[in-house]
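Here's the structure, in structure tokens; my notes come after.
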Amino acid sequence: MPRPQAILLMGPGCPHCSSMLKALNELLEQGELAKLEIYNVHFFPEEAASRGVRSVPWLSLGPFVFSGAMSLGELRHWLAQRRDPKGMALYFDHLFSSGQRQLVETMVRNQPKHLAAFVDLLGDDKVGINTRLGVGVVLEELQDSGLAQTITQGLCRLTEHRDPRIRGDACHYLPLTKDRSAVPYLEARLDDENQDVREIAREALDELDENSGGVPTVH
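In the UniProt record's numbering, the protein residues as written are 1 to 219.
Here it is, written out as structure tokens:
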């Protein structure tokens, strides 16, 4: 795994920047960070502009991006999460739960591989409603980009999940992929034991026909 690196953007008059800098320096001194880059946006406004940063402190910590103050404990927590295979899903859950949906959308547009975390989130019955809805909103924003197709097969697998809510969510979001390889999975759910799932699958097939311009599915 790559050595952990961080980039901190700070500025004059920022009440939390100095404490963030102190915490990051401690991680660097203790060998928990391999590299720390620091930019004062007053002198390097291009560093903020190129990242779309509007307020400081702003931190890039490995694959994660944060805006606002963070404690030493929080920094250590996210350094540990970067080693977790589901770390990106946990990070997106944090962003959705804290009202930072736009940041999630920006990240998956720039790095579509992170969309795989959406499948992890939708397949976790402990994930809250704000995150589940946030995933849907981002997928709706992406549906004309073709990026959502990268998780078609992951969503198809979720249509066979033991939890009917998860099966229903997967059916609901599959039309946003515009991928007709999902049709057999949706058709299989027309005979689902759960009435809600059956209805969602029927509506999803109609929506997929409309979205993909395919031959209408008979059901």
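Heads up, the beta-carbon is just placed ideally off N, CA and C, and yes, glycines get one too.
Asked, Found
"Neighbour-count burial assignment, Gly-146, 16 or more Cβ in a 10 Å radius", "exposed"
"CB-CB length for Pro-175 against Glu-207, believed under 8 Å", "4 Å"
"Bounding residues of the beta strand (DSSP E) (the contiguous stretch that carries Ser-67)", "64 to 67"
"Meets three-Cβ-pair contact criterion under 8 Å: the segment 69 to 85 and the segment 99 to 115", "no"
"Pro-216 to Arg-202 span [Cα, whole Å]", "Note on Pro-216: pLDDT 48, under 50, position unreliable in the model; the coordinate value appears next. Each residue's Cα considered, the two are about 12 Å apart."
"Strand pairing of Lys-35, partner residues [DSSP]", "Gln-5"
"Bridge partners - Trp-58, DSSP secondary structure assignment", "Leu-9 and Ser-67"
"Asp-179, buried or exposed, once every other Cβ within 10 Å from all chains shown has been counted against 16", "buried"
"Run of the alpha helix (DSSP H) containing Ala-48, from where it starts to where it stops", "45 to 51"
"Separation of Gly-87 from Leu-190, as counted between CA atoms", "34 Å"
"Under 7 Å between C-beta atoms of Leu-139 and Tyr-173", "yes"
"Cβ contact check for the segment 80 to 99 and the segment 109 to 121: 3 or more pairs under 8 Å", "yes"
"Complete runs of the alpha helix (DSSP H) confined to the segment 126 to 181 [at least 4 residues]", "129 to 142, 152 to 158 and 164 to 173"
"7 Å Cβ cutoff met for Val-56 and Leu-103", "no"
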